[in-house]
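Read the structure below first, then the notes.
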Amino acid sequence: MRLKNFIFLLYLLINLTNGLFAYSFEEKLSLNILPNSNVYFHFEFESKWFKSVKSRTENFHNFPKIIGDLVSKFDIDELSLSLSQGKWKHNQWGMPVVSAPSGGELWASFKDQASQNIIDSNWLQSSRAISGLFGLSINLEENPNTAIPTFSILSDTRNSSNIRYASIPNEIVCTENLTPWIKLLPCAKSKGLAQLFKNAPKLFESHYFMINLNFKRICADSACSNFHFDLRQILSLVNNADLVTRQLNDQESTWSFNNFFQNKITGLCPVAQQSMVILNLERKAKTTLIPTSKSGESYSYNLKEFLKTSKEFNPTIVQQRQVELSRASPISIHRFITDKNEINFGIKTVIKNENNEETSVIYFDTIPWYFRVYVSSLRVKDVERNLDFKPELISFKPGLDRQKPHQIEIKLNLRPRGVYSIYLRADFGYLKWDEFPPDVNHGFYINPVLVTINQNGQNTKIYSEPLLMNLPTPDFSMPYNVICLTCTVIAIGFGSLHNFTTRKFKFIQPKTLIEKIKTFFKK
Amino acid sequence: MNQAEASESSSEPVENEIELVNLKNEDQQLNQLLIINTIYYIVVFVLIGLPIWIFTTSTYRASLPFDSIDQLAKSLNRIEYKINIEIINFNDELTADILNKAISDLNIRLDKDGKNGIELQFEIKNRVATGEEKKLALTHKIELLDQVVCSDGLNKLHMIILDDDSAKKIVSEDQYLFLNCLYLNKNLAKDTERLSKIVLGEFLHIEKINEEYRLKMDVERRLPSKKDIRVVNFDNEYEVTFSWLNERPEVYSKWNVDECVEKYFSKISDKLSDFIKISIKAQTLLYSDFGSYTLSYSKLENESFYYLRQSDLSIMTNFIESRLGAKISDSSALEFVTYLPNKEPLYIAKNLQNVKDSRSVSFMVPRWGGIYVYNPKDENQSDDLIRVEKAMKTFLTQFINLIGIDLHKSSKVVPRSGIYSSEIFGYLLTKTLENQLNSINTLNSLSLLLTRIKSMVIEDDIAEQIKTSVESIEQSLSLAKDGKIKEAFFKSKIGFLSSEKAFFDKSLLEKLYFPEDQRFAIYIPLFIPVGIPLLLSMKSVIGWYKKQKIKTD
C-alpha cells in the first residue's frame, strides 16, 4: 500500500515537472518617458517550449503550433520579423530597446544543410509562408532582395553563411498584420497585458509603431538533440500624451493607460509565470499608484499580486514636458540622395559618432539590383577633416540582375565626435515592362542601412531611413505602341521595296481630264 | 461634232498599238524577272515569315502521352481485380467442392448486369490453422493472432473459420469480436452462400466499390453519397491535430493528451504507417472569444443545462477554426477539438423536441474533424487534470470514418481500440480503385482541356508528372489484375498524387488569360501593309501563270 502511494506520488511529481517544464510564458511592459510629452511603451512576451523526447506526439501546449510547424518544416534555427510604421527619432528619443527599420525586415538562420541551395529554397518557401501567415506582401522571388551578411552580426551564435536577410521597406503595417501576431499569444487578447491591444486601431494612432517576432531554437548540446523553442514577441509604441488627452498645459501632462489604449488590464493570463509592468519614471513623471516593488525611480508592478487587491490596472501618470534623454544614441545616421541627373545618382550616408570615445561600427547596405552601383565610386570620407578615410574593411558583393542585390559591408572605426560620409554612385537600371510594380510612380525603395555598433562587447543596431527613387518609367501602353511602330516601319520598308522590285511598267495613252471621266463612267 | 468623231477614230489605232507594245514587253526578260521577284516574296513570306510568327506567338507544349491516356480512359469500361482469399480452418479443411461452390456463389452474388465494369476474380485457398495460431486464439491475443495470420503481407484476404466447439472457447469471452464475423459453425461452414455474403459485404464493401465506380463513370455527376462527403480526400500524409480549447484555464490547466494518444492512436497509426503517413500534434488554446454567439439554455425540473442547436454547430466550428490557426504543411489536416465550455454543462441537441434524451457531447464535421464538448462534472472531474480518454475514443472512431476505413459491421464494440488487417485490406481495395478512377478521370479531363484550349502551356516537368501518373496507373491496373492489391495500392497512390499535381499546377494557366484573337490583333499593323501587296501580286502571278499555260497549249 505504501509502495503504491509512493509510486503514485512519484507519478504525480513527474507529471507536475512535465507540466512545468513543457511550456512557460512571461510578459512585461516597460514604460519610458520621452521629451515633449512622448511616452514609449515596450511590450515583451516570451514563450518557451521544451520538446518532450519521450512522447511521439508533438504537443505544443500553449506555444503557437504554427510557428513550431514553420521552423520544423524549414529547419530554421533563428527567425526575426519586424514590421514598423513611422520613424524612430534617434536624436529626440534616444535609443529604443529594440531597433527596427521602417517597413519590414526579415531574416532567418537555417540549420546546416548539404548544400546552400537547400537553404535558399527553404528561405524562399519560408518567406512565402510567413508572408501568408502575417498578411504581408513579401515576394522574394519576383523582387530578389536576399543578402547574406558576412560581417554584420545579426545573430550571436549562428554560422553566418546560413543566414538570409531581406529588408522590405515597402511593407505597410496595419491591423491585419497585428491580428495574426496577437493570435500567437497564449491568451490572445482576452487576458493579461494584451488586453490593451483590444482596440487595435488605437495602437496605430501613434507616432511610432513596431511589432517584432524573434524565434530561437536553443540547443542544450552540440548535436542539438535536446532543444527548446524560444519565441519573443515585442510591440513598441511611441505616443504623444498631449495629443491623446488634448491638454494644453505648458509644464505637465496627465494621462492614464486608458487614454492611450481605451482599455484597462483587468485579468491575467493564467499560464503567465510573470506579468510585470515597469514604469521608468526617472524623476520625469509621477504616479500615485503604489508599486509592488521599487528600485530607484523605476516602479515595478507585479500584476499577479496587484490584481489580487484591485480590480484593474490603470495607473495615472503626471509627466513633465521638457525632460532630458536618458539613453542617448551612440551614433547618428542620416542618408540621402545627391547629385541626381538623368543617368545616375549618388547615395550618401552620414554617420556621426556622438560618443566621446572611439566606436567601431559595421555598415551593412543592400541596394536593389536595378540600381547599378559602381564600387569605384565608393568614397568614405572624414567630413570635418575633408580627407579620404580608409576603413578597416570593405566587402562588396556585386548584385546580379533579377537574382540578388548589391551588398556592401564596411567596417569603420569612428574617432570621438567624428563625422564620416559614405558615398556611392548608381546608374538607373532598366526593368522589363512586366517587372514594374502596380504603383510605379510611387518610386522604388532603397533599403535602409543597418549599422551595428560594437560597444563593450555588446552589439547595438541602428537603421537609417529608407530612400525613394524613381526609375525610368515607360508609358505602359508602350508594348502595343512599340509593336505598332515597328510594324509600321517594316510595312513602309517592305511596301516600297516590294513596289520597286515587282512593279510592271506599261505604256498608256495620255488622256485629258474629260476623257478620263468619260472612260470612268463607261465602265 | 465631226471633228470629235474623227479624233476618236484616230486614237483607237494608237491604243491598239500601245497594247501591242505592252504585250511584246510582257515576253521580255525584265518582265519575267519581276514575276520571279513576286514569287520569291510570297515564298519567303509563307515559308519563313508565317512559321516564325506562329512559332514565336504559340505556347510551349511538351509532348504528352495522349494515346496512353485514351487507352486508360477506355480501360475504365472494364477493370479487373483478382482477390486472393485464404481460409484458415481451426478444424477440418474444406473440400474442393465447397471451395468451388463458394467461388461460384461469389460470382453469382456479384452484380452481373453487364453494365458493371468491375470484374472481380476470386481465388480461394484453404489451410488448417497452425498450432501457434490456435494457441493465440485460445489465449485471446486477438491482435497478435491478426499479426501472425497476416505476416505474409496484405495481398490476401484472410478469413478464419471456427466451428462450434472452438468458437465457444474463443469468441464468447472476448469483447473485441474480430472473429465474430468469420464465425461459422460446422454446418454453416458449408453454407457457402453466407460465406460469399460476408466476403462481399463485410470485407470487400462491394456496394461501396460499385457506387464509387458508378459515380466516377456518371456523366451527369450526381451528388455523392453521404459517406463520400464525409471522407477526406485521399492524401499521402495526414496531419492530425488535437486541440484543447480551454475556456477556464484558471481552473483546469493540464490534459493527458500524450498518454491518450499513445493509448488509442498509436496502434492505428502504426498499422497504417506502411500505407499512409500520419503525424500527430497537440496544442492548447485558451479562451475562444465567441463574441456575440449565445447558447440556448434549457431548464428542466431536476437539471439545467446549456445546449447547442444543430444549426449552431457550424457557427461554433467557424469560431473554433479561427483560433486553430493557419497551416504550414501541405498534407491534409484533421482537427479534433476538445472544448471545455465556460458555461457548464453544455450539450449538443440532436432533436429540439426532446433535448434531454437526444443530447450528446460530440459531433463530427465532414472532411474536417470532430469536436467533443468536455463537461468536467459529467466526467467526474476532481482535480485540474482533464482526462480525455472518452474524447479520444470518440475521436478515434471519427478518424477511422474520416479517412474512409469501413469497420466490420458485426463488431459491435464501438469505439474500437484498433483495426484489423482484413479491414485494412478492404481499405486498400477501395482506395486503390478510387485512386485509379480519380487519376484516370483527371488525366482524361486534362487531355480534353488541352485538346480544346490551345493556349494552355505544358512545361517539361508537368509532362513528366503526367507520364509518371500514366505509367503508375497502368502498372497499378495490371498489378490489381494479378491480385497484388498492396503493390497496386502503392502504384495507384503515386499515379493519383502526380496526376493531381499536374492538373492543379498553376503554370497551366499562365497564358490562359491572353485571348487568342489578340494574337492576331496585335500583329494586324504588320499583316495588313505586308499582306495586301502580297495578295495583289499573288493575283498577278496567277494571271501570268494562266497566260503561260494558254501559250504552251
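Chain order of the listed sequences is A and B.
Under the working numbering, the first residue of the first sequence carries the number 1241, and numbering increases by one thereafter.
Under the working numbering, the first residue of the second sequence carries the number 153, and numbering increases by one thereafter.
Glycine included, every Cβ here is placed at the ideal spot set by N, Cα and C.
A quick note: this is a predicted structure, and the numbers were derived from the prediction, not measured.
- DSSP, read as helix, strand or coil, puts tyrosine 193/B in helix.
- Secondary structure at methionine 1335/A: coil, using DSSP grouped into helix, strand and coil.
- Within chain A, Thr1297, Asn1299 have C-beta atoms less than 8 Å from the C-beta of valine 409/B, given in sequence order.
- Comparing alpha-carbon positions, the option among Pro203/B, Asn189/B, Phe207/B, Gly269/B lying closest to arginine 230/B turns out to be Gly269/B.
- Per DSSP, asparagine 1357/A is one residue of the alpha helix (DSSP H) stretching across 1356-1373.
- If you draw a straight line from the Cα of isoleucine 557/B to the Cα of valine 609/B, it is about 39 Å long.
- When Cβ-Cβ separations below 8 Å define contact, glutamate 402/B makes contact with chain A.
- Within chain A, no C-beta atom comes nearer than 8 Å to that of isoleucine 276/B; the closest sits roughly 40 Å away.
- The beta carbon of glycine 1334/A sits no closer than 8 Å to any beta carbon of chain B.
- Residues of chain B whose Cβ lies closer than 9 Å to the Cβ of valine 1722/A do not exist; the shortest such Cβ separation is about 11 Å.
- Contact between glutamine 1473/A and leucine 1433/A does not hold, since the beta-carbon distance rounds to 11 Å and is not under 8 Å.
- Lysine 433/B belongs to the set of residues whose beta carbon lies under 8 Å from a beta carbon in chain A.
- For glycine 477/B, the chain A residues whose C-beta falls within less than 8 Å of its own C-beta are Pro1304, Lys1305, Ile1306, Lys1423, listed in chain order.
- The beta carbon of threonine 546/B does not come within 8 Å of any beta carbon belonging to chain A, so the residue lies off that interface.
- Closest by C-alpha distance to glutamate 275/B, out of Lys701/B, Val693/B, Leu687/B, Lys636/B, is Lys636/B.
- Closest option to leucine 347/B, judged by alpha-carbon separation, among Thr291/B, Cys412/B, Leu438/B, Ile250/B: Ile250/B.
- In terms of Cα proximity to leucine 476/B, the closest of Ile428/B, Leu498/B, Leu397/B is Leu397/B.
- No Cβ-Cβ contact shorter than 8 Å links threonine 1589/A with serine 1493/A.
- The way I'd put it, the segment 644-662 of chain B does touch the segment 619-635 of chain B; three or more beta-carbon pairs between them come closer than 8 Å.
- Alanine 1262/A sits in a helix when the DSSP states are folded into three classes.
- Residue state for aspartate 1605/A is assigned as strand, using DSSP reduced to three classes.
- Look at the beta carbons and you see the segment 1267-1286 of chain A touching the segment 1474-1482 of chain A: at least three pairs across the two are nearer than 8 Å.
- Each of Glu399/B, Tyr459/B, Glu389/B was checked against the Cα of isoleucine 428/B, and the nearest Cα belongs to Glu389/B.
- In this chain, the beta strand (DSSP E) harbouring alanine 434/B covers 429-438.
- A distance of 8 Å or more separates the beta carbons of threonine 1578/A and glutamine 1695/A.
- With respect to serine 1320/A, serine 1342/A sits apart: the two C-beta atoms are not nearer than 8 Å.
- Legend: CB atoms of the segment 1357-1381 of chain A lying less than 8 Å from CB atoms of chain B belong to residues Ala1369, Gly1372, Leu1373.
- The beta carbons of serine 1515/A and glutamate 1267/A sit about 5 Å from each other, so the pair counts as a contact at 8 Å.
- For serine 1616/A, there is no enclosing alpha helix (DSSP H); the enclosing beta strand (DSSP E) has its first and last residue at 1611-1622.
- Taking serine 1533/A as the centre and dropping the five residues before and after it, the same chain places the C-beta of Ser1540 closer than 6 Å to its C-beta, in chain order.
- When Glu1382/A, Asp1315/A, Asn1331/A are compared, the shortest CA-CA separation from glutamine 1353/A is found for Asp1315/A.
- Proximity of tyrosine 697/B to chain A, defined by a Cβ-Cβ separation below 8 Å, is not satisfied.
- Counting other Cβ atoms within 10 Å of its Cβ, phenylalanine 1303/A reaches 16 or more and is therefore classed as buried.
- The way I'd put it, the segment 1568-1576 of chain A doesn't touch the segment 1547-1554 of chain A; fewer than three beta-carbon pairs between them come closer than 8 Å.
- No residue range can be given for threonine 247/B, since it is assigned to no alpha helix (DSSP H) and is classified by DSSP as neither H nor E.
- In this structure, the beta-carbon distance from isoleucine 1686/A to leucine 1654/A does not fall below 8 Å.
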